[in-house]
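Residue numbers (our numbering): 1 to 450. Where a beta carbon is used, it is the ideal one built from N, C-alpha and C, also for glycine. This one's a predicted model, so the numbers in the text were calculated from it and none came from an experiment. The structure appears right after this line, and notes come after that.
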Ligand SMILES: *Cc1c(COP(=O)(O)O)cnc(C)c1O
Ligand SMILES: [Zn+2]
């Protein structure tokens with residue numbers, strides 16, 4: 001291959017390579033996932049990460065303003081003329097001692113990466129900036145995705161910014177209204193299938209393969225290139241020190257896949273001196289990764305994944321008629337499409353997986369609201385997971401931990417309002433009902449009469 005960039009099958013027995021201009025959602029030779037890979041010897045990469053600060057300080061042009069493209073040397077798959085940005089990645093890494101106290105960490109050790117600050121309110125925008133750039137590079141006119149909500153919101157926003165047609169497939173079950181309202185408002189053709197996310201995913205793959213629609217789910221390897229930037233910004237927020245741990249919720253496992261790849265590449269390029277460990281947190285009601293990795297010991301084994309054991313697991317889910325169910329709808333997924341890439345990240349990052357129940361997720365979410373900028377339920381899983389890992393003493397109180405808060409607090413107001421108004425937990429903040437009477441109001445305020 002003459003280009004410095006190419007697509008490559010992650011199956012070690014195959015490793016087929018494809019041109020970057022090809023639109024593929026699986027390896028045509030063996031059906032496995034594809035990666036975007038680079039011949040780094042032929043890419044000009046800055047010799048130290050702090051070089052990127054200068055670009056941010058100057059902010060010449062919209063690409064330097066993007067929290068994805070200002071790191072473009074680390075995802076060099078397309079020329080600048082094709083790069084799409086609507087200002088994604090203007091996010092914040094916040095040291096939060098209130099949350100640290102809740103989880104049992106010492107002050108100054110817990111950092112929250114607020115991906116809810118993205119244009120569509122979730123981390124998905126990082127990936128869409130990259131995927132839509134590849135869509136433009138390949139001349140795509142019509143994009144499609146299956147979604148639990150945030151993907152459809154991000155896709156709809158980027159499609160309308162790029163003037164592309166957009167179709168989103170959502171399930172018939174719960175979808176958070178904040179997310180649905182975005183897809184509808186941004187003008188996406190919205191198809192509601194009688195089924196759940198896993199059913200939508202199967203359909204959209206069929207449709208895209210046959211009809212030449214451009215698929216923007218996280219199977220799309222270019223999307224994951226954009227999500228690597230979340231790690232670059234965490235390093236930047238820590239003055240280029242590598243944290244001890246990254247903690248992220250696990251749904252389709254695109255983030256965990258992208259994060260491990262980012263660190264492997266940075267280590268290969270000599271830009272970091274060690275790789276952090278990673279904890280991926282499943283909801284107990286959608287715990288495929290936890291089951292496979294922690295209970296059944298499935299490992300990446302340098303690409304020799306035990307496919308038979310995974311197929312057995314899925315066959316058993318089918319036989320039992322299993323349906324994932326969690327309040328954290330963004331991670332209500334039982335057949336994570338990036339499973340193998342995530343296993344690779346677990347190998348790269350010496351990773352671990354935990355599951356947390358819905359009550360812990362909702363409580364942790366309310367703690368982020370109480371002490372920080374708030375987040376949606378799935379993001380709360382990061383905090384609930386960190387708390388569990390402290391209780392187990394897997395993570396020490398003085399280690400440095402960066403938790404990914406994947407989505408904005410307003411994405412799913414129903415869960416939040418229910419928690420507070422129905423007094424569901426220790427952080428519930430019930431409204432006080434009072435007659436329209438001055439004395440009664442004063443009494444309710446707890447103030448003395450003047
Ligand atoms: C998509 C999503 C997730 C799951 O991320 P994966 O990369 O699919 O594991 C978690 N939280 C929120 C808010 C999301 O939108
Ligand atoms: Zn292959």
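- Taken atom to atom, the span from the alpha-carbon of residue 150 to that of residue 439 is near 46 Å.
- Residue 83 and residue 175 have their C-alpha atoms some 31 Å from each other.
- Following the DSSP letters along the chain, one finds residue 169 inside the beta strand (DSSP E) bounded by residues 165-171.
- Sequence-distant Cβ neighbours of residue 64 in its own chain, meaning closer than 6 Å and more than five residues away, are 55, 70.
- A heavy atom of ligand 2 is found nearer than 8 Å to the CB of residue 9.
- In the structure shown, residue 144 falls within a strand segment according to DSSP collapsed to helix, strand and coil.
- Using a cutoff of 8 Å, the CB of residue 406 counts as near ligand 1, since one of the ligand's heavy atoms is closer than that.
- Each residue's CA atom was taken as its position, placing residue 264 and residue 276 some 10 Å apart.
- A direct Cα-Cα distance of roughly 14 Å separates residue 25 from residue 11.
- Checking the 8 Å criterion, the Cβ of residue 152 is out of range of every heavy atom belonging to ligand 1.
- Its chain contains 165, 166, 167, 168 as the residues whose beta carbon lies nearer than 8 Å to that of residue 189, once the 5 sequence neighbours on both sides are disregarded; these appear in chain order.
- Annotation: the continuous alpha helix (DSSP H) that includes residue 343 extends over 339-348.
- When DSSP states are grouped into helix, strand and coil, residue 238 belongs to the coil group.
- Residue range 245-249 is occupied by the beta strand (DSSP E) that includes residue 245, with no alpha helix (DSSP H) assigned at that position.
- Within the stretch 345-391, the complete alpha helix (DSSP H) segments of 4 residues or longer fall at 358-371, 377-391, listed in chain order.
- With respect to the C-alpha of residue 38, the residue from 235, 183, 268 having the closest C-alpha is 268.
- Bounds of any alpha helix (DSSP H) do not take in residue 282; it lies within the beta strand (DSSP E) bounded by 277-283.
- Exposure of residue 322 is indicated by the presence of fewer than 16 other C-beta atoms within 10 angstroms of its C-beta.
- Considered as a whole, the stretch 270-333 harbours 307-320 as its complete alpha helix (DSSP H) runs of no fewer than 4 residues, in chain order.
- If you keep only unbroken beta strand (DSSP E) runs of at least 3 residues inside the stretch 204-229, you get nothing at all.
- Apart from the 5 residues on each side of it in sequence, residue 145 sits with its Cβ closer than 6 Å to the Cβ of 151, 155, 168, 216, 217 in its chain, given in chain order.
- Straight-line measurement puts the Cα of residue 173 at about 11 Å from the Cα of residue 199.
- A contact is defined here as three or more CB-CB pairs under 8 Å, and the stretch 337-347 fails this definition with respect to the stretch 393-400.
- Note that the C-beta distance between residue 213 and residue 257 is not below 9 Å.
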